[in-house]
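J.:
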Amino acid sequence: MLRSRALFSVGASALLLGAGCSTSGSGDLAVASDAAGARSQSRIDKLVNKAEVAIAEHRGSAAVKYAEQLVALSPSDPAHRALLAHAYLQAGRFASAAQAAGDALALDPREPRAALDLALAQTALGDWSAARATLATYAEVLRPADRGLALALAGDPIGGAVLIGEEARGAAASATARQNLALALALGGRW
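Structure follows, in structure tokens:
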């Protein structure tokens, strides 16, 4: 069990990665609205950057703070909700991660970060069958190397290794694909 948790931690770490207004008068309201929209977009861009930097530096609590502010400013943006899910996942808030990822997927079912993070959160919560179902549902939007490692973490290491195998053995194989294959095989006891 301890080895499985350690491998989950290593595997999950490997995966972790304005409208204007017009008037009929002088146009002052439109100019003010455009300026406010530009300030709002600038704030959104800064929050995205801060959240992504915090995630890259493995500062989950800070990433959550920035991502929550981001979603408050832009609640209907699926990429921002996916970023929040990723921050929650890194902070170990798996139920919140699953909720945020589900919200992102409701807004855009082709959001790969949200689909992967939903499956990882479900795995971390111990709901492996839901994680495997999520991976099957969103198979077409996920990279095989990521999907395969998530599948291995969700209790199907051989299936995950098979899925990753073609990508990892190809001429253009990435280091990530080879690493994910090694992790999947290790989860299956094939050291």
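First residue of the sequence shown: 1196, per our numbering; consecutive thereafter. We put the CB at the ideal spot given by N, CA and C, even for glycine.
(1) Given a cut-off of 7 angstroms, decide if ALA1325 and ALA1147 are closer than it, judged by their beta-carbon atoms.
(2) Is it buried or exposed, GLN1285, if we count other Cβ atoms within 10 angstroms and call 16 or more buried?
(3) Kindly list the residues whose CB is nearer than 7 angstroms to the CB of GLY1355, restricted to its own chain and excluding five residues on each side of it in sequence; keep chain order.
(4) Whole angstroms are fine: how far does the CA of LEU1315 sit from the CA of ASP1341?
(5) GLY1255 by DSSP, collapsed to three states: which one?
(6) In the DSSP assignment, find the unbroken alpha helix (DSSP H) run with VAL1357 in it and report its ends.
(7) Which of the three DSSP states, helix, strand or coil, is assigned to ALA1325?
(8) I'd like the list of long-range same chain contacts for ALA1257, defined as Cβ closer than 6 angstroms, with 5 residues on each side in sequence excluded.
(9) If you run the structure through DSSP and keep just helix, strand and coil, what is GLY1343?
(10) Smallest Cα separation from ARG1373: which of ALA1381, LEU1382 and GLU1362?
(11) For chain D, check one thing: does any of its Cβ atoms lie closer than 7 angstroms to the Cβ of GLN1264?
(12) Quick one: what's got a C-beta closer than 8 angstroms to ALA1377's C-beta in the same chain, skipping five residues either side?
(13) Hey, out of LEU1311, ALA1319, GLN1317 and ALA1349, whose CA is closest to TYR1333's CA?
(14) Counting C-beta neighbours from all protein chains within 10 Å, is the total for ASN1375 16 or more, i.e. buried, or is it exposed?
T.: Looking at the atomic coordinates:
(1) An answer regarding residue 1147 cannot be provided, because it is not within the stretch 1196 to 1386 covered by the chain.
(2) buried
(3) GLY1343, LEU1344, LEU1346, ALA1347 and ALA1379
(4) 11 angstroms
(5) helix
(6) 1352-1364
(7) helix
(8) ALA1249
(9) helix
(10) GLU1362
(11) Looking for chain D here will not work: only one protein chain is present.
(12) none
(13) LEU1311
(14) buried
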